[in-house]
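Peer 1:
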Amino acid sequence: MELFTIEYESPSGVYAPGQLVRGFVHIQLKEAMKARAVTLHTMGVAHTSWTCYDAHPIPVGRGSHASQRRVRGCHVYIDAKFVVWEGDNNDKVLPAGVNKLPFAFNLPLVCPPSFEGSLGYIRYYCKAKIDRPWIFDNIAMLSFTVIPHFDVNTIPYASSPIIKSDSKNLGVVLFKHGRVLVKITLPKSGYVPGETIFTNIEINNTSSKEIEKVEMFLTEISTFEGKCTEVGRIDFCHLDHIAKTHKCRTVTKAAQNICVPANKTGQHFMKLPIPSIVPSFNVCRIIQVDYKLEIKIIAKGYVNNSLCVDFPVLIGTYPIQAPRYSTPMAENIPPVPEYLAPSQPTALSGNINEPPPSYAECVFGRGTVALEDEDRANIGNTGFTPKYVFYNNTQAPPPLPNKVSYPNTQASYQSAPTLP
1 MELFTIEYES PSGVYAPGQL VRGFVHIQLK EAMKARAVTL HTMGVAHTSW
51 TCYDAHPIPV GRGSHASQRR VRGCHVYIDA KFVVWEGDNN DKVLPAGVNK
101 LPFAFNLPLV CPPSFEGSLG YIRYYCKAKI DRPWIFDNIA MLSFTVIPHF
151 DVNTIPYASS PIIKSDSKNL GVVLFKHGRV LVKITLPKSG YVPGETIFTN
201 IEINNTSSKE IEKVEMFLTE ISTFEGKCTE VGRIDFCHLD HIAKTHKCRT
251 VTKAAQNICV PANKTGQHFM KLPIPSIVPS FNVCRIIQVD YKLEIKIIAK
301 GYVNNSLCVD FPVLIGTYPI QAPRYSTPMA ENIPPVPEYL APSQPTALSG
351 NINEPPPSYA ECVFGRGTVA LEDEDRANIG NTGFTPKYVF YNNTQAPPPL
401 PNKVSYPNTQ ASYQSAPTLP
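Residue numbering for the sequence shown follows the UniProt record's numbering, beginning at 1 and increasing consecutively.
1. Buried or exposed: K100, going by 16 or more other Cβ atoms within 10 Å of its Cβ?
2. Which ranges would you report for the beta strand (DSSP E) in the stretch 58–146 if only whole runs of at least 3 residues count?
3. Looking at C-alpha atoms only, which residue of P102, C248 and R123 is the closest neighbour of C74?
4. For the stretch 144–152 and the stretch 26–37, state whether three or more C-beta atom pairs, one from each stretch, are separated by less than 8 Å.
5. Applying the criterion that 16 or more other CB atoms from any shown protein chain within 10 Å of the CB defines a buried residue, is W134 buried or exposed?
6. Am I right that S118 and K247 are in contact with their C-beta atoms under 8 Å? What's the rounded C-beta distance?
7. Rank L314, V309 and E2 by C-alpha distance to the C-alpha of E220 and give the top, closest one.
8. Between the Cα of L40 and the Cα atoms of E86, Y77, G190 and S165, which residue gives the shortest distance?
9. In its own chain, which residues sit with a C-beta less than 6 Å from the C-beta of V76, not counting the 5 before and 5 after it?
10. Please go through the UniProt domain "Arrestin C-terminal-like" (176–320) and give each complete beta strand (DSSP E) segment of 3 or more residues, from N-terminal end onward.
11. With DSSP run on the structure shown, which of helix, strand or coil describes N153?
12. Whole angstroms are fine: how far does the CA of E361 sit from the CA of P319?
13. Hey, N200 and T265: beta-carbon distance below 8 Å or not?
14. From the DSSP output, in three-state form, read off S12 for me.
15. Within 7 Å: the Cβ of F150 and any heavy atom of the ligand GTP?
16. Out of D137, T5 and A16, point me to the one whose CA is closest to residue 486's CA.
17. If you run the structure through DSSP and keep just helix, strand and coil, what is A32?
18. The beta strand (DSSP E) with L371 in it runs from where to where?
19. Classify G365: buried if its beta carbon has 16 or more other beta carbons within 10 angstroms, exposed otherwise.
20. Hey, V214 and I297: beta-carbon distance below 8 Å or not?
21. With a 10 Å radius around its C-beta and 16 neighbouring C-beta atoms as the bar for buried, classify P273 as buried or exposed.
22. Alpha carbon to alpha carbon, how far is I6 from F105?
23. Out of I78, S280 and K300, which has the shortest C-alpha to C-alpha gap to V21?
24. By the DSSP assignment, the beta strand (DSSP E) with E2 in it spans what residues?
25. Kindly indicate which three-state DSSP category N392 falls into: helix, strand or coil?
26. Report buried or exposed for S143, applying the criterion of at least 16 other Cβ atoms within 10 angstroms of its Cβ.
27. By the 10 Å Cβ neighbour count, where 16 or more other Cβ atoms means buried, how is N305 classified, buried or exposed?
28. Within the same chain, show all residues whose beta-carbon is closer than 6 Å to that of E31, passing over the 5 residues directly before and after it, in chain order.
29. Just how far apart, CA to CA, sit K164 and G301?
30. Out of curiosity, what's the CA-to-CA distance linking G13 and T145?
31. At the level of alpha carbons, what is the spacing between T317 and P193?
32. What does the alpha-carbon distance come out to for the pair K244 and Y53?
33. Who are the Cβ neighbours of T228 in its own chain at under 6 Å, not counting the five residues just before and after it?
34. How many Å lie between S222 and Q288 at the Cα?
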């Protein structure tokens, strides 16, 4: 056999829920091969797996028993098998040369995006198999990406500016250095990969320490769920109860050296480009992905010398169309919850078949969780690198509100309404 592969009609290998997936199984033979049939198995599955340890007390004062518990979750979105070639009763032989066997199937109307996490994945793939008599079957596999349309324009508060204020006393106990107050403004909370997050940071430094640095992080928060069972003894384990865990990983970060001397004020602007990442989603039963923007104000010193402010952020696949950012009074800015629950996948406001600007491979690269498949020994256990919508950012920084005036360093800090 010279070649045995699966090829998709879409050059990018990216599809949307409900879309027709076309392709063919490509088999190239030097000579005819005995075979009963060539089948195609298409799968779309969410899988989670991790191990945790719990210490349980043992009666009669014998200490504690540490149990190892395995947590696993699985939800299938598509599982279909069909025959793409079958030999007749008299001649069950694949002919020599090039054989291109076409196939087509529809994806479900509702399914989550492809995702590769540290404790699980959502993977879509096709597996072709040559059923050969009296010999091991030949198997080929190829994954593809599914991306639901998530139009952030459908979230009412996604295009509204966010203002958040916070303060903190620097130092510890007998070595207090005074209070730092900060107000941070974001032009909106809904973004797409390729856009840039612009921030306006206003600092009122009433401490005795100089503010020397600002760091900004975009963090992915993944929630994994599964059923818990115990490995070994089961005396102390509640079998088959639902377990959840959260994992955070930094998507991208930026840092800027600044100087806000003691008892002075300052205003600084920062920007953070968004790389190719999965959109926010909560349509999967066992995996959910959210994002937060964290801004860290750092003063000179080594102990309790920083102040962190978090913002929830939505990542979609279709950008805000008409930014409505202006310079409203603080009381006109509606409060935004700490958690921005993404809605169900939505179609684009225009033509759903519009090609996006481009696709780019996920910034985290190839997944590391082994594929759970009956033929995994024959097709390898490597992960998959999904592709996501990526926009070339040509947007200029939005106008930002005027700097808050501080009459003197002892004046009360007039903060905007904080998020609940």
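In this text, a Cβ means the ideal position worked out from N, Cα and C, and glycines have one as well.
Peer 2: Let's see:
1. Classification of K100: exposed, given that the 10 Å Cβ count is below 16.
2. Segments of the beta strand (DSSP E) lying fully in the stretch 58–146: 64–86, 97–106, 120–131 and 138–146.
3. Comparing Cα positions, the closest option is R123.
4. Two segments are said to touch when three or more pairs of C-beta atoms, one from each, lie closer than 8 Å; by this definition the stretch 144–152 does not touch the stretch 26–37.
5. exposed
6. In this structure, S118 and K247 form a Cβ contact; the two beta carbons are roughly 5 Å apart against a cut-off of 8 Å.
7. Ranked by Cα distance from E220, the first of L314, V309 and E2 is L314.
8. E86
9. V45
10. 196–205, 211–231, 241–260, 264–273, 287–299 and 306–315
11. helix
12. 19 Å
13. Taking a C-beta distance under 8 Å as the contact criterion, N200 and T265 do not qualify as a contact pair.
14. coil
15. The ligand content of the structure shown is nil, which means the ligand GTP is not present either.
16. Only positions 1 to 420 of the chain appear in this structure, which leaves residue 486 out of reach.
17. coil
18. Boundaries cannot be given for L371, as no beta strand (DSSP E) includes it and DSSP labels it neither H nor E.
19. exposed
20. yes
21. It counts as exposed.
22. 14 Å
23. I78
24. No beta strand (DSSP E) holds E2; DSSP gives it neither H nor E.
25. In the displayed model, N392 falls within coil according to three-state DSSP, outside both helix and strand.
26. Under this definition S143 is a buried residue.
27. The residue in question, N305, is buried, as its Cβ has 16 or more Cβ neighbours within 10 Å.
28. A96
29. 25 Å
30. 6 Å
31. 8 Å
32. 14 Å
33. First, the amino acid is wrong: residue 228 is Cys here, not Thr. Excluding residues within five positions, the ones whose Cβ falls inside 6 Å are R69, V71, H241 and A243.
34. In a straight line, the C-alpha of S222 is about 6 Å away from that of Q288.
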